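J.:
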Amino acid sequence: MKNLFKTLLVASALVLPVAAQAAQPAAPAATQTKRAAGVWIDVRTPEEFKEGHLQGAVNIPVDQITANIARVAPNKNAPVNLYCRSGRRAEVALQELRKMGYTNVTNHGGYQDLLKAGIR
Numbered sequence: 001m002k003n004l005f006k007t008l009l010v011a012s013a014l015v016l017p018v019a020a021q022a023a024q025p026a027a028p029a030a031t032q033t034k035r036a037a038g039v040w041i042d043v044r045t046p047e048e049f050k051e052g053h054l055q056g057a058v059n060i061p062v063d064q065i066t067a068n069i070a071r072v073a074p075n076k077n078a079p080v081n082l083y084c085r086s087g088r089r090a091e092v093a094l095q096e097l098r099k100m101g102y103t104n105v106t107n108h109g110g111y112q113d114l115l116k117a118g119i120r
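Be aware that the sequence shown starts at 1, since it is given in UniProt numbering, and climbs by one per residue.
Rendered as structure tokens:
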């Protein structure tokens, strides 16, 4: 019985300091989420684009994407990032670009959602 008590006492002395240690707070999140590499294309109308867009983005309306993509993304394997108001037009543009042989195209959804995620 004395050995059991001593064993429990030693085990408690080893475990309690570790268990009592305060949890470390997580590192603060970056204020801006890292943006994907490559060209960013806003497929909204020029009027919508003028109201606000991501820094460095190029405006090619969805109905002009096939005629104008080569001037901003001549390499069909380079990253192409698309967005619009909600993601619907970006999806249409993505499908058209895939038909043209573009292999690295991403629909990032809506402009406001990107801003909320910290992407500028």
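Just so it is clear, CB atoms sit at the ideal spot from N, CA and C, and this is done for glycine as well. In this text the structure is predicted, and so the values were computed from the model without any measurement.
1) Exposed or buried, residue 61, counting other C-beta atoms within 10 Å across all chains shown (16 or more means buried)?
2) Does the distance from the CB of residue 111 to the CB of residue 44 come in under 9 Å?
3) With C-beta atoms as the reference, is residue 75 less than 9 Å away from residue 41?
4) Just verifying my parser: in three-state terms, what is the DSSP assignment at residue 21?
5) Where does the unbroken alpha helix (DSSP H) through residue 81 begin, and where does it stop?
T.: Checking against the coordinates, here is how it stands:
1) Here residue 61 corresponds to residue number 61 of the sequence shown, with the count starting at 1. It counts as buried.
2) Sequence index remark: in the sequence shown, residue 111 carries index 111 (1-based). Sequence index remark: in the sequence shown, residue 44 carries index 44 (1-based). Against a cut-off of 9 Å, the Cβ pair of residue 44 and residue 111 comes out as a contact.
3) As a first step, residue 75 is located in the sequence shown; it is residue number 75 there, counting from the start. As a first step, residue 41 is located in the sequence shown; it is residue number 41 there, counting from the start. Contact flag unset, no.
4) For the purposes of this step, residue 21 is taken as the residue at position 21 of the sequence shown. Since pLDDT at residue 21 reaches only 42, below the 50 mark, its modelled position is unreliable, and the value read off the structure follows with that caveat. In this structure, residue 21 counts as coil in the three-state DSSP scheme.
5) In the sequence shown, counting from the first residue as 1, residue 81 sits at position 81. Taken as a continuous stretch (DSSP letters only), residue 81 belongs to no alpha helix (DSSP H), being part of the beta strand (DSSP E) at 80-84.
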